[in-house]
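Numbering that gives the first Met the number 0 puts the first residue of the sequence shown at 0, with every later residue one more than the last. Backbone N, C-alpha and C define an ideal beta-carbon position, used for all residues, glycine too. Everything numeric in this text was worked out from a predicted model, so none of it was measured. Remarks on the structure that follows.
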Amino acid sequence: MSWDDAVDGVDRDTPGGRMPRAWTVAARLRAANDDIAHAMVADGLPAYAELHCLSDFSFLRGASSAEQLFMRAHHCGYSALAITDECSLAGIVRGLEASRATGVRLIVGSEFTLVDGTRFVLLVENAHGYPQLCALITTARRAAGE
Numbered sequence: 000m001s002w003d004d005a006v007d008g009v010d011r012d013t014p015g016g017r018m019p020r021a022w023t024v025a026a027r028l029r030a031a032n033d034d035i036a037h038a039m040v041a042d043g044l045p046a047y048a049e050l051h052c053l054s055d056f057s058f059l060r061g062a063s064s065a066e067q068l069f070m071r072a073h074h075c076g077y078s079a080l081a082i083t084d085e086c087s088l089a090g091i092v093r094g095l096e097a098s099r100a101t102g103v104r105l106i107v108g109s110e111f112t113l114v115d116g117t118r119f120v121l122l123v124e125n126a127h128g129y130p131q132l133c134a135l136i137t138t139a140r141r142a143a144g145e
């Protein structure tokens with residue numbers, strides 16, 4: 000049996016030509032090298048999306064660039080990543096570029112902090128939600144006087 004046989008699930012040296020599923024799964028995971036998580040998703044594990052992630056545009060809280068975040072999300076097999084910088088959409092353009100480069104879907108959002116310290120995240124669900132989020136950010140920044 001060759002490595003190519005294991006990857007495509009066919010054992011050309013055995014009558015019947017099929018090998019145990021565990022062997023083919025292991026071979027595909029190994030063939031994926033650093034893309035192991037993507038192979039696991041293909042085998043029926045549920046997809047995962049991180050819905051609250053700060054980029055380096057969130058001063059003193061986010062440390063990684065959008066490119067780094069999306070590369071890591073791709074490596075971990077995430078189906079989507081929400082960039083939710085603090086009362087800002089500053090990381091979205093770089094996030095969109097990184098999303099296209101990695102194939103990990105971008106979810107647009109923002110984190111807000113109320114006067115009492117309560118934090119919450121709003122995510123854009125569709126094209127109608129994006130201008131609403133922009134308007135809310137503008138209103139919040141004007142009210143904060145920053």
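Beta-carbon spacing of residue i, residue j below 7 Å
i, j, result
"A65", "A89", "no"
"T83", "V120", "yes"
"L50", "A81", "yes"
"A139", "C86", "yes"
Residue i, buried or exposed, once every other Cβ within 10 Å from all chains shown has been counted against 16
i, result
"L59", "exposed"
"G102", "exposed"
"G94", "buried"
"L113", "exposed"
"H73", "buried"
"G144", "exposed"
"G61", "buried"
"A21", "Because the pLDDT at A21 is just 48, under 50, the model does not fix this residue reliably, and the value given afterwards should be weighed accordingly. Exposed: under 16 other Cβ atoms inside 10 Å."
Span of the beta strand (DSSP E) around residue i
i, result
"F111", "R104 to T112"
"A81", "A79 to I82"
"A65", "Unbroken run through A65 is the alpha helix (DSSP H), A65 to C75; no beta strand (DSSP E)."
"C52", "A48 to C52"
"L122", "R118 to L122"
Whole-Å CB distance - residue i paired with residue j, under 8 Å assumed
i, j, result
"Y129", "V107", "6 Å"
"S163", "S57", "Since the first and last residues shown for the chain are 0 and 145, residue 163 lies out of range."
"R99", "A79", "So it is not a contact: roughly 13 Å between Cβ atoms."
Boundaries (first-last residue) of the alpha helix (DSSP H) holding residue i
i, result
"M85", "According to the sequence shown, residue 85 is Glu rather than Met. Careful: E85 lies outside any alpha helix (DSSP H) and carries neither H nor E."
"S98", "I91 to T101"
"R181", "The structure shown does not extend to residue 181, since the chain is modelled only from 0 through 145, so no value can be given for it."
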